[in-house]
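Each residue of the sequence shown is one higher than the one before, starting from 79 at the first, in the working numbering.
Positions of the beta carbon are idealized from the N, C-alpha and C atoms, including for glycine.
Fair warning: this is a prediction, and the values are worked out from it, not measured in the lab.
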Amino acid sequence: MAPKSSLTLFVFLILAITGKSLPHGDWRPIENPNNSYEVVRAAQFAVAEHNRVAQTQLVFKTVEEAVWQPIDGTHRFQFVISAMDGAAAAAAPPKNYTAIVWEIVEDLSLHLISFH
């Protein structure tokens, strides 16, 4: 990890521990989120990372809604993601999940903040 990336991560950890936040912009809606490579990439990452951590088998389908917020060199995405349970019967309908993903712009790394 490059020194500047380490510093950015360190700053976010300190802010999380102290409960302080960086100045940031307003949440901005994303029109046609499935047409954005960046949005779909982050949403697919959210599903894959949730599967890894929670030992689930969700299969990404679409991004139903998305908003983003620029925060000092990062982007915070909030999604409503449609996904199917890969372990369930094929006839099971997809369900919607809410996820928040942080993208560090400098290195395009993604970090799953929450998934419900």
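Own chain, CB closer than 7 Å to residue i, minus 5 neighbours either side, in chain order
| i | result |
| --- | --- |
| V145 | W105, R106, P107, I108, Q156 |
| Y115 | none |
| N129 | Q135, L136 |
| V118 | N112, V141 |
| A166 | none |
| V131 | none |
Candidates the options, of which the one nearest residue i by Cα
| i | options | result |
| --- | --- | --- |
| D185 | I178, H153, I159 | H153 |
| L188 | D163, P111, A126 | A126 |
| A120 | A132, V158, Q133, V131 | V158 |
| G164 | D150, Q133, E181, G151 | Q133 |
| G151 | N110, P111, E181, V118 | E181 |
Inter-residue CB distance, residue i and residue j (contact presumed, cutoff 8 Å)
| i | j | result |
| --- | --- | --- |
| G103 | P148 | 5 Å |
| N174 | E142 | 6 Å |
Cβ shell of residue i (< 6 Å), same chain only, five flanking positions each side left out
| i | result |
| --- | --- |
| P81 | Because the pLDDT at P81 is just 46, under 50, the model does not fix this residue reliably, and the value given afterwards should be weighed accordingly. So no residue of the chain qualifies. |
| F138 | Q122, V125, A161 |
Own chain residues within Cβ distance below 8 Å of residue i, not counting five before or after
| i | result |
| --- | --- |
| H194 | Y175, T176, A177 |
Distance CB(residue i)-CB(residue j) smaller than 8 Å
| i | j | result |
| --- | --- | --- |
| V179 | I191 | yes |
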